[in-house]
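In my numbering, the protein residues as written are 1375 to 1628.
Worksheet for the structure shown next.
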Amino acid sequence: MKVKSITVIKALAVSSLVALAACGGGDNGGSTSVPDASSEGLWNGITSTSRSLTSIVLDNGTYWLLPVPTVSAPNASFIQGTGNSLNGVFSSSDGIDFNVAGSGISNATVAANYVTKQSFTGSVSYPSQNPAFTFSQTYNADYEQPPTLVAVAGNYPGSMSMTGNNDLATLAVSSDGTVVGAGLTSSCQFLGKIVPRSRGNLYVLLGAFSGGACANNASAVSGIGYFDASTKRLHLAALDTARSKGFSFVGIKP
């Protein structure tokens, strides 16, 4: 990557993160208290297709469904959208399924039942030929712990997926939150920044792409990061403002 490109992308990521932090992206240094009658939280479980699934529902209704890659499904995919929670029912009709190794980007509908801080169970369906699937999850109290850059810093071998690319990659997170990664085959590069989110054990992610056979070249994306301390697994997911280009990475640090 050229020095000039790195500088421009880094400046974009930092300036955008400053704005996001002012809107609740910064670290509050304390725990999260999930309100009664809410589906907010971190949820872990399994799908009807036998894939492990991590779901994140934020306090503003934004959600991310993050399947864990397997040998048979190695791509780093995700589903993102906004939903409503009312009387134990969660619903969303604006989901986007980002799946490079599968059908690309597809519209999705999510319907679930929840018991606050106990269970989150539902289904994902599609208007196209994609087969629907169900999921069953339980609440992960790690959501209530404060995130830190010290915990997430490190090198992560894993799988990186972008619009037009699905590749093995190594991604590095510095102690200041700088994120750098590159596809081993495509040489498509990602440079961004993460900051601890003010609510939930999560990180705000912003970045852009450059170089190599990179279909997302010069595209800026924003999204979420989750580090599972028990497995040392980092999952990053982001979309551009049009939700037509995406980035996802899953890796485990030694």
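By construction, the Cβ of each residue, glycine as well, lies at the ideal position given by its N, Cα and C atoms.
Helix, strand or coil at SER1535 [DSSP, three-state] = strand
Residues that LYS1567 bridges to, as DSSP identifies them | THR1552 and LEU1580
Return the chain-ordered list of same chain residues with a C-beta closer than 6 Å to the C-beta of ALA1395, the five sequence neighbours on each side being excluded.
-> Per-residue confidence for ALA1395 stands at a pLDDT of 37, beneath the threshold of 50, marking its modelled position as unreliable; no derived number is given.
Since THR1512 and TRP1417 are thought to touch, with beta carbons under 8 Å apart, how far apart are those beta carbons, to the nearest angstrom?
-> 7 Å
Indicate the three-state DSSP secondary structure (helix, strand or coil) for LEU1523 in the structure shown.
-> helix
THR1500 - DSSP class collapsed to helix/strand/coil = Residue 1500 is actually Tyr in this sequence, not Thr. Here TYR1500 sits in coil by DSSP.
Distance, SER1429 Cα to GLY1457 Cα | 13 Å
Any idea if GLN1503 is buried or exposed, counting beta-carbon neighbours within 10 angstroms, 16 or more meaning buried?
-> exposed
Limits of the beta strand (DSSP E) - the one that GLY1597 falls within = 1594-1602
What distance in whole Å lies between the Cβ atoms of ALA1611 and ILE1626, which are believed to be in contact at a cut-off of 8 Å?
-> Rounded, the Cβ-Cβ distance is 16 Å, inconsistent with contact.
Between the CA atoms of GLY1532 and THR1495 - distance to the nearest angstrom = 28 Å
With distances taken Cα to Cα, identify the nearest neighbour of THR1490 among THR1615, VAL1578, GLY1415 and SER1593.
-> GLY1415
Secondary structure of ASP1516, DSSP reduced to three states = helix
Among LEU1558, VAL1408, GLN1519 and PRO1521, nearest to MET1534 - alpha-carbon criterion = LEU1558
Residue closest to GLY1469, alpha-carbon to alpha-carbon, out of GLY1462, GLY1435 and LEU1576 | The residue with the shortest Cα to Cα distance from GLY1469 is GLY1435.
Classify ASN1473 as buried or exposed, calling it buried when 16 or more other Cβ atoms lie within 10 Å of its own Cβ.
-> buried
Beta strand (DSSP E) segment containing GLY1625, residue limits = 1620-1626
Might you give, ordered along the chain, the residues of its own chain that have their beta carbon closer than 7 Å to the beta carbon of ASN1514, omitting 5 neighbours on each side?
-> LEU1416, TRP1417 and ASN1418
Complete runs of the beta strand (DSSP E) confined to the segment 1439-1482 [at least 3 residues] | The qualifying runs are 1452-1456, 1458-1460 and 1463-1473.
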